[in-house]
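No gaps in the numbering here: position 65 of the sequence shown is 65 in the UniProt record's numbering, and each next residue is one more.
Shown next, in structure tokens, is the structure this report addresses.
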Amino acid sequence: HWDNVKGAWQEVTQTKQALQKGDRVIALVNNLGATPLSELYGVYNRLTQRCEEAGIVIARNLIGSYCTSLDMVGFSITLLKADEETLALWDAPVHTPALNWGK
Numbered sequence: 001h002w003d004n005v006k007g008a009w010q011e012v013t014q015t016k017q018a019l020q021k022g023d024r025v026i027a028l029v030n031n032l033g034a035t036p037l038s039e040l041y042g043v044y045n046r047l048t049q050r051c052e053e054a055g056i057v058i059a060r061n062l063i064g065s066y067c068t069s070l071d072m073v074g075f076s077i078t079l080l081k082a083d084e085e086t087l088a089l090w091d092a093p094v095h096t097p098a099l100n101w102g103k
């Protein structure tokens, strides 16, 4: 998360296995409710820089309001390690109120 005092990113790890150089991920930048879309794309831009520096490949991305908390300002970043099977499942057509792509 962003540390306002230090003016820098503070990484919060929620997994037991760290991502490694060469890993492919699905990146989700989620709006918590009141953050402008333009700011989310700025966050995603910085995320791509960090991933490139670490040798992590963003294979797919999703940027927008998916899990919100009324009008809360902020965002969350989720990185899902993705193999071929995961990417095939991700790319499959889906038609729900929250996600809609494919034929």
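No residue lacks a Cβ here, since even glycine has one placed at the ideal position from N, Cα and C.
C-alpha distance - residue i paired with residue j, whole-angstrom precision
i           : j      : result
Gln20       : Ile56  : 7 Å
Ser65       : Leu80  : 18 Å
Leu28       : Thr68  : 13 Å
residue 111 : Asn100 : A query on residue 111 cannot be resolved here, the shown segment of the chain reaching from 1 to 103 and no further.
Ala88       : Ile26  : 12 Å
Gly42       : Lys103 : 30 Å
Gln17       : Asp23  : 12 Å
Phe75       : Leu47  : 12 Å
Glu53       : Glu84  : 23 Å
Checklist line | Entirely enclosed alpha helix (DSSP H) segments - the UniProt domain "DhaK" (1-99), minimum 4 residues | finding: 37-54 and 84-91
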